[in-house]
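Residue numbers (the working numbering), protein chains in the order written: chain A, 4 to 337; chain B, 226 to 895.
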């Protein structure tokens, strides 16, 4: 963290706690670092302006006029001095504003400069989850996943942003600023992570009932780990080997789940909800809301509206003995 | 009676003597209506004097007793009082919804309420504060104070003004009734499409939002027109442009901003209604519509809206700073030009609300420059106020305390606004709690603190009694600490990644402590408003009697009785100075010659404020109230069927016919 002027200490102290997995000041990529640096510069300059104004205000409260003075009377000498002082203050404001505009413009050029990268993703905002498609020149290596983006460390990744229903905003603060996903338009954003890690993001544009639960993760890993992950994601789901999970698969395929969800390698081909081919390998379900465990999967299937009220997934009617096999099957889709 | 008057004569002869001797001159050598011989058998205010004059004028200008009389009144003070009370009522309702939101956010994964109710709450909070409090409160003060401050007897177009109040009231009641019935709007105060469109907001919730806009916009524009005409044509003789009080200048500029900004949002909400009601595709991307068009239209209004809320507050601040520093304003011309510059510049900033929509970079950076530029006129105003205090003898009464709070908070909010003006920085803080913190610093600092100061300041004028100073000081410190405790942590929450408009958050996000702190601060802030309400109610009953000018202020409203009589002034004052009561401490020069038996007002010229015409202004009438009801029926009906525009126009047309039915006034008969 940068040094800040002493009078800003009070304001800055709480900010020292801004280390977090979704903090704009905990920069983990070049873009976020530029932005965090800029924030501290702006804060120092503007904090100084605020401090000076308050000092002037405090000093102005001294009673300089005699008690019985005519309020209409002015002293030409005082008047002249005040005109000069306020003019200087306005001039300094103008200089500050121009300097900050220049700084902003320079940072904007850096931030929006597009570097060539090997990886391009298409992220589609849905109410209330993220559909993520890894593009590839070979059609059979294109695959779709949800709510979890893996990227190789140190490489710029281009993300195309679209929306299928309402406006959302893609925001992973520790990597870069946000960008809207707007129906009928395509925006682009570039992310890059300096070191391996888990970076959380969240929809930033109000998008309806479950705007609060529309999280996503960016997982930065080494090139080798990333390629391994990608190869696994490209492949279809492995059919379960034990009978318990096989029963789970049969339940899955016989229920309305298949109307919306896809599990590649089975007959489930729905495209309106998250692709579940490798759902067990993802850290969370329900867009960053619950950790992927058997218990959470079962809870989610039984009562999605208790967890995310208003969510588009209907509660599926299951027999009591169907819940565990189904959850086990899904959890096993690594 | 006329003779050619040379410009020299006009400067040499005070208008008072010319009017008193029957020589009413407008432009030199031009015959005007004011030169027409006065009817000999009509009683004029130079023929009676003292208590008799006061009583006769009060009868002529008074409001009838009874419910019909109350609903027919065209007295700007009665309408203004209702306007102010209604707007402050909505401030309390908006505050209550905010307190409920803070209760929900105090703890992570709080189950106090679900997203459906929470989304209604923040929408109601936003629209109540922006449309039912923020815009009307500035206009409400204008309705009450501008005619008094420019020295006339009523606002221009008083029936239109009464109509505007009822339309506003009905719009506010409609949307709050919808909320109570659990069908309140839940799409946020800017109701972005497609979320607010027919596909994603079935039902009538978004329609209540859109139609509430229509109500408040009709009302807002009507009042703005009344204020502009009052300032241009009804100023007391001698009140040249450079003698207009700063508050009146602020309200004048504000009214122009309203007139130019509001049509954009009416366009946005009307096209949204058409998409929802008759299946047009303005905003349906699948059919060639454009979601961003809506955002442009909305923010072309939405940014000036911020200044519509702020500009009247600069008027309150100017008035309070001048009175309590016991010195005339330093840099009057600079202050006026800053107001006008702010008004113009406010229309060139709207895209900074859309920096993350992927607009072309060059265009976006233009709006960075223009957004930062508005710091200049605002800086000039701040510096001029500080200079006025510097060379003055500040008197620390409650109004000035709240203005001090305004400086502390508003300057901080303005400076965090500089961060938002920068495209790159905005991509991090846009749509987060940082922005929530920023605009509450700007709007509460820039409007609510000055407003409370203004209530303490003008309360003696409104009611004739002083507010409790001791409670006022408690109130200030409670509000000041409560406000900062509530909103300062939100800056940090936003930087820590908390988006706005979330009904809850996960415990592992680490936002719990600051949110709890903010919620506790909100309870303090709310308590300060309870104290405010108590102070208002108890002081209105038992406060010390104020007299006409308890603060020894300089502007004309303090020349009227407290509370002012229906006619405001027994004789129209003549203005020789920017602060007439300071310049004429013994007795205020007045003009005479207006009718005592008719509602006659003195019309003056726009720039020089020379007496020009005697104009009768409308009598009380029930028709504006009936027209407002007919308007409400049309607006509410058209949420359900487009045919309401057809059948709904019939009662409205009838009401307007009643309103405008030619009725020869007594003067014409004579």
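Using N, Cα and C, we set each Cβ at its ideal position, and we do this for glycine too.
Query raised in the report: Quick one: what's residue 223/A bridged to in DSSP?
Result: Residue pairing by DSSP places residue 223/A opposite 154/A, 200/A in a beta bridge.
**Report entry** Contained alpha helix (DSSP H) runs [length at least 4] in the region 541-600 of chain B, N- to C-terminal order
**Finding:** Counting whole runs of 4 or more residues, the region 541-600 of chain B contains the alpha helix (DSSP H) stretches 557-570, 586-598.
Query raised in the report: First and last residue of the alpha helix (DSSP H) that includes residue 901/B?
Result: In the structure as shown, chain B begins at 226 and stops at 895. Residue 901/B is therefore absent and cannot be evaluated.
Requested in this report: Please determine, among 718/B, 804/B, 332/B, 712/B, the residue with the shortest C-alpha to C-alpha distance to residue 664/B.
Outcome: Out of 718/B, 804/B, 332/B, 712/B, 712/B has the C-alpha closest to the C-alpha of residue 664/B.
Query raised in the report: Taking buried to mean at least 16 other C-beta atoms within 10 Å of its own C-beta, is residue 513/B buried or exposed?
Result: The C-beta of residue 513/B has fewer than 16 other C-beta atoms within 10 Å across all chains shown, which makes the residue exposed.
Query raised in the report: Whole-angstrom Cβ separation of residue 465/B and residue 832/B, contact assumed at under 8 Å?
Result: Right, the Cβ-Cβ distance comes to about 7 Å (below 8 Å), so this counts as a contact.
**Report entry** Coil, strand or helix - residue 108/A by DSSP
**Finding:** The answer is helix: DSSP assigns residue 108/A an H, G or I state.
**Report entry** Buried or exposed (CB count within 10 angstroms, at least 16 for buried), residue 286/B
**Finding:** Burial call: buried.
Query raised in the report: How would you list, in chain order, the residues of chain B whose beta-carbon sits under 8 Å from the beta-carbon of residue 183/A?
Result: The contacting residues are 581, 582, 583.
**Report entry** CB-CB length for residue 738/B against residue 659/B, believed under 8 Å
**Finding:** Between residue 659/B and residue 738/B the Cβ distance is about 17 Å, and since that is not below 8 Å, they are no contact.
Query - Beta bridge counterpart(s) of residue 827/B as assigned by DSSP - result: DSSP output for residue 827/B lists 839/B as bridge partner(s).
Report task. Please confirm if the region 598-613 of chain B is in contact with the region 543-559 of chain B, defined as three or more CB-CB distances below 8 Å between the two stretches. Result -> Yes: at least three Cβ pairs fall under 8 Å.
Report task. Look up residue 183/A in the DSSP assignment and say whether it is helix, strand or coil. Result -> DSSP places residue 183/A in strand when its eight states are reduced to three.
Report task. Please go through the same chain and pick out, in chain order, the residues whose beta-carbon is closer than 7 Å to the beta-carbon of residue 381/B, but skip the five residues on each side of it. Result -> Scanning its chain for C-beta atoms nearer than 7 Å, with the 5 sequence neighbours on each side dropped, one finds around residue 381/B the residues 451, 454, 455, 458, 459, in chain order.
Query raised in the report: Would you say residue 170/A reaches chain B, if we count a Cβ-Cβ gap shorter than 7 Å as a contact?
Result: At least one C-beta of chain B is nearer than 7 Å to the C-beta of residue 170/A.
Query raised in the report: From what residue to what residue does the beta strand (DSSP E) around residue 646/B run?
Result: For residue 646/B, there is no enclosing beta strand (DSSP E); the residue is found in the alpha helix (DSSP H) stretching over 623-646.
Requested in this report: Please work out which residues of its chain come closer than 8 Å, Cβ to Cβ, to residue 324/A, disregarding the five sequence neighbours upstream and downstream, and give them in chain order.
Outcome: Counting only Cβ-Cβ distances below 8 Å, and skipping sequence neighbours, we find nothing.
Query - Reference residue 585/B; option with closest CA among 537/B, 648/B, 572/B - result: The residue from 537/B, 648/B, 572/B with its alpha-carbon nearest to that of residue 585/B is 648/B.
Report task. Could you say if the region 226-233 of chain A and the region 677-687 of chain B meet the contact criterion of at least three C-beta pairs nearer than 8 Å? Result -> Too few Cβ pairs lie closer than 8 Å, so no.
**Report entry** For residue 135/A and residue 363/B, the rounded distance between their alpha carbons
**Finding:** Our two residues, residue 363/B and residue 135/A, have alpha carbons roughly 49 Å apart in a direct line.
Report task. For residue 648/B, return the contacting residues in chain A, with the cut-off set at a CB-CB distance below 7 Å. Result -> Ordered by position in chain A, the residues that pass the 7 Å Cβ test against residue 648/B are 107, 111.
**Report entry** Contact list for residue 66/A against chain B, beta-carbon separation under 7 Å
**Finding:** For a Cβ distance threshold of 7 Å, residue set 618, 619 of chain B lies close to residue 66/A, ordered along the chain.
Query raised in the report: Is the number of C-beta pairs between the region 242-253 of chain A and the region 365-385 of chain B that are closer than 8 Å three or more?
Result: At 8 Å Cβ cutoff, the stretches do not touch.
Query raised in the report: When the Cα atoms are used, what is the spatial distance from residue 701/B to residue 626/B?
Result: Between residue 701/B and residue 626/B, the C-alpha separation is close to 7 Å.
Query raised in the report: With a CB to CB cut of under 6 Å and the five nearest residues on each side skipped, what residues in its chain are close to residue 579/B?
Result: 520, listed in sequence order.
Query raised in the report: Is it true that the CB of residue 354/B sits closer than 7 Å to the CB of residue 322/B?
Result: In this structure, residue 354/B does not lie closer than 7 Å to residue 322/B by Cβ.
Query - residue 162/A (DSSP reduced to helix, strand or coil) - result: Residue 162/A sits in a strand when the DSSP states are folded into three classes.
**Report entry** Residue environment, residue 783/B, which counts as buried when at least 16 other CB atoms sit within 10 Å
**Finding:** By the neighbour-count criterion, in which a residue is buried when 16 or more other Cβ atoms sit within 10 angstroms of its Cβ, residue 783/B is buried.
Query - Residue span of the alpha helix (DSSP H) that contains residue 56/A, given as start and end - result: Here the alpha helix (DSSP H) through residue 56/A covers 33-63.
Query raised in the report: At which residue ranges does the region 400-436 of chain B contain complete alpha helix (DSSP H) runs of 4 or more residues, listed in the order of the chain?
Result: Listed in chain order, there is nothing to give.
Query raised in the report: How do the region 818-827 of chain B and the region 840-852 of chain B stand: do at least 3 beta-carbon pairs fall below 8 Å, yes or no?
Result: Contact holds between the region 818-827 of chain B and the region 840-852 of chain B, because three or more Cβ pairs, one in each stretch, are under 8 Å apart.
**Report entry** is_contact[residue 313/A, chain B] using C-beta, thresh 7 Å
**Finding:** Among the CB atoms of chain B, one or more fall inside 7 Å of the CB of residue 313/A.
Query raised in the report: Measuring CA to CA, which of 26/A, 80/A, 202/A, 101/A is closest to residue 48/A?
Result: Distances from the CA of residue 48/A to each of 26/A, 80/A, 202/A, 101/A were compared; the closest alpha carbon is that of 101/A.
Requested in this report: Assuming residue 442/B contacts residue 490/B (C-beta within less than 8 Å), just tell me the rounded distance between them.
Outcome: Confirmed, Cβ separation roughly 7 Å.
Query raised in the report: Straight-line CA distance for residue 348/A to residue 488/B?
Result: With chain A covering only 4 through 337, there is no way to say anything about residue 348/A.
Query raised in the report: Between which two residues does the alpha helix (DSSP H) carrying residue 123/A extend?
Result: Residue 123/A -> not in any alpha helix (DSSP H); beta strand (DSSP E) instead, spanning 122-129.
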